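Participant: According to numbering that gives the first Met the number 0, the stretch in the sequence shown is residues 0 to 212, in order.
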Amino acid sequence: MLEEEGKLRRSHGGAVKIDEETPSETSYLIRESEHVPEKEMIARLAVRYIEPGDRVILDASTTALHLASIIPDMPLTVLTNSVKIALEMSGKDKVEVISTGGILRSSSLSYVGPMAEDSLSKFHVNKAFLSCKGIHTQHGFTESNALQALVKRKMIDIADTVVVLADHSKIQVQDFTHVADLREIDWLITDGDTSEVAVAAFEQLGVKVVRAL
0 MLEEEGKLRR SHGGAVKIDE ETPSETSYLI RESEHVPEKE MIARLAVRYI EPGDRVILDA
60 STTALHLASI IPDMPLTVLT NSVKIALEMS GKDKVEVIST GGILRSSSLS YVGPMAEDSL
120 SKFHVNKAFL SCKGIHTQHG FTESNALQAL VKRKMIDIAD TVVVLADHSK IQVQDFTHVA
180 DLREIDWLIT DGDTSEVAVA AFEQLGVKVV RAL
């Protein structure tokens, strides 16, 4: 039986497929402990770009979780594929939280797959705050996992303004799956360890760069 083989687990109303780890996708617990000061600085800068009445997307990145934790309780709509961000925002009475649903990836505590993508396609937001595995002046915005890449592609499609949150370890890095070209990115918020040379290169290509110092 599939349950005995460890491929399914029992649940009320049926069986749920157990998500298999993608080797290239670092687990959420590990990512939560990496570059924490930089992520906190980036989040403190990014929150200034969120205003009452905004409709925003937050992806399932740990940097977006830092941002979610400091967003004030104000009239706001937050659309996310992150379980942790949905829970974090649910404690803020004035914030309307919309979760995409979909296939739950245990490695990232996020929803992916056709259901998540279809859910996103029904909405339009004015700002998307996304992180990545790499952002490169030649290769654009990339991810380590194809399912995550498809969801982030849809997030970019439905947003007026795309803000990438990426600490210095992700700058001029190319990962496995292409998500978007740089011309589709409006802002890059990074930390002070990103070099002036890299900042100038991104700005020359039309991306506005802000460093959290």
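Note that beta-carbon positions come from the ideal geometry of N, C-alpha and C, so glycine has one too.
Predicted model only: the values in this text are computed from it and were never measured.
(1) State the beta-bridge partners of residue 54 as determined by DSSP.
(2) Report the residue from 86, 94, 117 and 95 whose alpha carbon sits nearest the alpha carbon of residue 101.
(3) Please state the DSSP three-state secondary structure of residue 185.
(4) Thinking residue 189 and residue 167 are a contact (beta carbons under 8 Å), I'd like their distance in whole angstroms, please.
(5) Between 98, 67, 35 and 125, which lies nearest to residue 52 when the distance is taken from Cα to Cα?
(6) Just curious, the beta strand (DSSP E) that residue 176 is in, first and last residue?
(7) Any heavy atom of the ligand FAD closer than 7 Å to the beta-carbon of residue 56?
(8) Quick check: the Cα distance between residue 186 and residue 62, rounded to an integer number of angstroms?
(9) Would you list the residues sitting across from residue 43 in a DSSP beta bridge?
(10) Can you grab the Cα-Cα spacing for the pair residue 163 / residue 134, in whole Å?
(11) Is it the case that the segment 143 to 162 contacts the segment 98 to 114, given that we only count it when at least three CB pairs across the two stretches are under 8 Å?
(12) Beta-carbon separation of residue 129 and residue 88 under 8 Å?
(13) Of the choices 161, 197 and 184, whose alpha-carbon is the least far from that of residue 171?
Facilitator: Walking through what the data contain:
(1) 76
(2) Taking only the C-alpha atoms, the option nearest residue 101 is 117.
(3) coil
(4) Between residue 167 and residue 189 the Cβ distance is about 6 Å, and since that is below 8 Å, they are a contact.
(5) Of 98, 67, 35 and 125, the residue nearest in Cα terms is 125.
(6) 176 to 179
(7) This structure lacks the ligand FAD; in fact it carries no ligand of any kind.
(8) Cα-Cα distance, rounded: 15 Å.
(9) Beta-bridge pairing links residue 43 to no other residue.
(10) In this structure, the straight-line span from the alpha carbon of residue 163 to that of residue 134 is close to 9 Å.
(11) yes
(12) no
(13) 197
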